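Anchor point for the sequence shown: position 340 equals 377 in the numbering used here, and the numbering is continuous, going up by one each time. For every residue, glycine included, the Cβ atom is placed at its ideal position computed from N, Cα and C. All values reported here derive from a predicted model rather than from experimental measurement.
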Amino acid sequence: MKISYNWLKQYIKTDIAINDMAQMLTDCGLEVESIETFQTIKGGLKGFVIGEVKSKEKHPDADRLSITTVDVGGDELLNIVCGAPNVDVNQKVVVATIGTIIYSEKGDFEIKKSKIRGAASEGMICAEDEMGIGHSHDGILVLPAEAKTGTPANEYFKIEDDFIFEIGLTPNRADAVSHIGVARDLAAVLNAKGISNQLTKPNNENFTIDKKNTPIEIIVEDSFACPRYSGITIVGVEVKESPDWLKNRLKSIGLRPKNNIVDITNFVLHETGQPLHAFDAGKISGNKVIVKKLAQGTKFHTLDEVERELSNEDLMICNGSEGMCIAGVFGGISSGVNENTKSIFLESAYFDSVSIRKTSKFHGLKTDASFRYERGADPNITIYAAKRAASLIKEIAGGEITDLVDIYPKPIENFKVEINYSNVFRLIGKEIDKDLIKKILISLEIVILLETENGLMLSIPPFKVDVQREVDVIEEILRIYGYNNVETPHKIRLSLNNFEGVDREKMRNLVSDYLSSNSFSEIMCNSLTKSEYYQDNSLLKIENCVKILNPLSKYLDVMRQTLLYGGLETVSFNQNRKNFNLKLYEFGKSYHFYLEKDSSENDLAKYKEQEHLMLMVCGSEIPETWNSKERPTDFFFVKSFVMSILSRIGVKEKNIQENYFKNELFSEAIEINVNEKKVAEFGLLSSTLTKNSDIKTPVYYADLNWDALLKLSTKNKVKYTEIPKYPEVRRDLALLLDREIQFSEIAKLAKQTEKQLLRKVSLFDVYQGDKIDSGKKSYAVSFIIQDFEKTLQDKDIEKVMSKLTKAFEENLKAVIR
38 MKISYNWLKQ YIKTDIAIND MAQMLTDCGL EVESIETFQT IKGGLKGFVI
88 GEVKSKEKHP DADRLSITTV DVGGDELLNI VCGAPNVDVN QKVVVATIGT
138 IIYSEKGDFE IKKSKIRGAA SEGMICAEDE MGIGHSHDGI LVLPAEAKTG
188 TPANEYFKIE DDFIFEIGLT PNRADAVSHI GVARDLAAVL NAKGISNQLT
238 KPNNENFTID KKNTPIEIIV EDSFACPRYS GITIVGVEVK ESPDWLKNRL
288 KSIGLRPKNN IVDITNFVLH ETGQPLHAFD AGKISGNKVI VKKLAQGTKF
338 HTLDEVEREL SNEDLMICNG SEGMCIAGVF GGISSGVNEN TKSIFLESAY
388 FDSVSIRKTS KFHGLKTDAS FRYERGADPN ITIYAAKRAA SLIKEIAGGE
438 ITDLVDIYPK PIENFKVEIN YSNVFRLIGK EIDKDLIKKI LISLEIVILL
488 ETENGLMLSI PPFKVDVQRE VDVIEEILRI YGYNNVETPH KIRLSLNNFE
538 GVDREKMRNL VSDYLSSNSF SEIMCNSLTK SEYYQDNSLL KIENCVKILN
588 PLSKYLDVMR QTLLYGGLET VSFNQNRKNF NLKLYEFGKS YHFYLEKDSS
638 ENDLAKYKEQ EHLMLMVCGS EIPETWNSKE RPTDFFFVKS FVMSILSRIG
688 VKEKNIQENY FKNELFSEAI EINVNEKKVA EFGLLSSTLT KNSDIKTPVY
738 YADLNWDALL KLSTKNKVKY TEIPKYPEVR RDLALLLDRE IQFSEIAKLA
788 KQTEKQLLRK VSLFDVYQGD KIDSGKKSYA VSFIIQDFEK TLQDKDIEKV
838 MSKLTKAFEE NLKAVIR
């Protein structure tokens, strides 16, 4: 955003140096990225002075040249040869002295001492175009007699360089999108530094309605998208070129002047921050302005001569028969002001920021108006800005103001915020004088409603769109007070002696490195997803979705409850590009809304946010090569990674319980519980789910509750043990069991039965067939037994195996084969 130094000084009286002002703006949050010099006249009339012609005589060798002597305030008169027919004695003229650069359309040149047809010439008496202040070359510029000889021309014509600040404006600073907005902050900073200053805005005291006429009827059909619509009708205007001061103001910030009406609307926009639009009132059919939305696909020609198809979400400014303007974004080609315009309707409205943002994005149009509306304009400035523009139009273009209409059915009130001094001091880190706090707030146009010993009750104007809470007000105070004025202590006292938490980043990096080293690829999916995934889903219900109030599209209208669907989209995307062998993982958050929460609680209690780790595998575990066959991914391949992750986090195998299940997401799956609490689930996704995602191969999926696992990790202290000195012993059992019994039940029972010597339980074979009874299956299980203190004797081993056999027979009805 470009801000003019000279323009700023119209609203605050200050002689601060350019660089000092830039630093003040940066310190208060308006970062000055660069400073450029702008000259309304190229060269700034450097070297031009006011002179008086003392004598004139005809050149002896040229009929059209005169030899003059000119007093420019120096010790001696200058001899100047002049070819202008209107040069004469006693005239006050502008002289380009030796060394002056003349900037011309034909090329720049320097004035030098020279001889013209044999006569010495020590300068040049100038015409308007040679100075750059006009286009006339009919003769030299003759000044009034009271012009003082020797005065530099830039002083006489009040030509001064301007300096343009390029400000990197953050999206939350809607209050600073104008020269008055920036001046407000600057005045507040100066006051905080003890330099008394006051923001001076142009007043509209002279605004009058010249005569009542039949008003243009305004109809607002969508008051949500357009909460306020104001308009002024002006008749008898003359559309012409703008005066120099107005053109120079616009040129200084990079705008091209067009005509006096359009230039005034642009000037007021950059002065106040309020977008305006001027319609040719003679082209408003039906004498009506209707704010509404048109049908999808309606054709509309914008000012850039492009035909656009409208969305049914685009807010339009229409007359009695057709659209005239895309509200808050871009005007139409048929309703604009031109040299034939005699009356205008001046629009000054407040449009909903979300509506404008959608329309701007849909059409790919970024304008000065949409830039401001998207960030949040001031609903209570529309009349002020309209009156300001109308007064300027009347002054520059003539005409009579015949009507002012304001449609504002539900006025937007100021925010009420209470601040406590103790919170101000605590968050800033310094105790600031209370009178200074009040001075800062008043300078920012924040009204103090009530003052107590402990704090203030404030009324925040709507143009401060990002100031709605106590912390926001404190940020405003600190911003103006100055971050640099809060001292940083030389020593920071910090105690970590009692810190027993887990390093989240370290644990995450540990698992990420492990997965990446095993050929997994990390993905990062959008936290926004489509609600369609949760329709008719009994496990992940649509009512538990966190809905977006202003979604950018229907495909990004809720926050995800699971990382599952983002993973499936990634798999589908890759398989459609012939990439079938995938191993993916993602760390990400899930979001849930629980309406059944007690409504008396804080609203935030209804929302839950959790971090999860997702694994997704499909295709081949081992691709086909010359010496090995292809081996497809299976259930146990995924399980091995899940169990390895649990082990790396510090979860002990003896605390893990496995429960087999299936549901609408999984064809077969296992739920992992640690100390009776669910921490993970993994398995084969249902074919219905994968087909709906356009996936052609089986997909295995694991979901680990990362937050829950980290809590477990904090309870698992690292213990260092010696490598066992004494040998381990393996014993095998063949157990005939009911088919419903899972191996996890065998392992769990074994570990409960022999806690001291049993180190590991493994399954190495499963048999189901004709050689055993139907409904039965045979497990071949190995047991690793070891004593860390001594070598086991046969009797010790037999004792352990007897205990295990008895436990299997009694609890699982096992038959030892």
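- Under the 8 Å Cβ criterion, the region 721-737 counts as touching the region 605-613, having at least three qualifying pairs.
- Per the coordinates, the alpha-carbon of residue 71 lies some 35 Å from the alpha-carbon of residue 163.
- Counting along the chain, residue 314 sits inside the beta strand (DSSP E) bounded by residues 313-317.
- Inclusion of residue 675 and residue 709 in the CB contact set at 8 Å is not warranted, their separation being larger than that value.
- In this model, residue 83 and residue 191 are separated by some 7 Å (Cα to Cα).
- For residue 653, the enclosing beta strand (DSSP E) starts and ends at 644-655.
- The beta carbon of residue 140 sits closer than 7 Å to the beta carbons of 79, 80 and 169 from its chain, once the five residues preceding and following it are set aside; these are given in chain order.
- Listed in chain order, the non-local C-beta contacts of residue 73 below 6 Å within the same chain comprise 201, local neighbours out to five positions each way being set aside.
- Annotated three-state conformation of residue 810 is coil, per DSSP.
- In this structure, the beta-carbon distance from residue 498 to residue 512 does not fall below 8 Å.
- Taking 8 Å as the cut-off, the beta carbon of residue 267 is found closer than this to the beta carbon of residue 386.
- Contact annotation: the region 388-408 touches the region 364-376, with at least three C-beta pairs closer than 8 Å.
- Annotated three-state conformation of residue 273 is coil, per DSSP.
- Note that the region 338-358 does not touch the region 234-242; fewer than 3 beta-carbon pairs, one per stretch, sit closer than 8 Å.
- Three or more beta-carbon pairs drawn from the region 305-324 and the region 375-382 are found closer than 8 Å, and the two stretches are therefore classed as touching.
- Within the same chain, Cβ atoms closer than 6 Å to the Cβ of residue 394 are found at 411, the five residues on either side in sequence being excluded.
- For the pair residue 677 and residue 826, the Cα-to-Cα distance works out to about 31 Å.
- In the DSSP annotation of this structure, the continuous segment of the beta strand (DSSP E) that includes residue 352 starts and ends at 352-355.
- Per DSSP, the unbroken alpha helix (DSSP H) holding residue 408 starts and ends at 405-412.
- For the pair residue 399 and residue 491, the Cα-to-Cα distance works out to about 49 Å.
- Bridge pairing for residue 201: 41 and 73 [DSSP].
- In the three-state reduction of the DSSP assignment, residue 151 falls in the strand class, which pools E and B.
- In this structure, residue 350 places its C-beta atom within 8 Å of the C-beta atom of residue 396.
- The Cβ-Cβ distance between residue 818 and residue 783 falls below 8 Å.
- Between the alpha carbons of residue 342 and residue 383 lies a gap of roughly 22 Å.
- Nearest to residue 310 by C-alpha distance, out of 828, 344, 423 and 194, is 423.
- According to the DSSP assignment, residue 849 belongs to the alpha helix (DSSP H) that extends over 831-849.
- Comparing C-alpha distances from residue 354 to each of 834, 331, 130 and 616 shows the shortest one belongs to 331.
- Under the 10 Å beta carbon count, residue 561 is surrounded by fewer than 16 other beta carbons and is classified as exposed.
- Cβ neighbours of residue 770 within its own chain (closer than 6 Å, five residues either side excluded): 818.
- Taken through DSSP and simplified to helix, strand or coil, residue 710 comes out as strand.
- In the DSSP annotation of this structure, the continuous segment of the alpha helix (DSSP H) that includes residue 603 starts and ends at 601-612.
- Spanning the alpha carbons of residue 133 and residue 86 requires a straight line of approximately 7 Å.
- For residue 697, the enclosing beta strand (DSSP E) has its first and last residue at 693-698.
- In terms of CA proximity to residue 453, 507 leads the group 471, 435, 443 and 507.
- Look at residue 675 here: in three-state DSSP terms it is helix.
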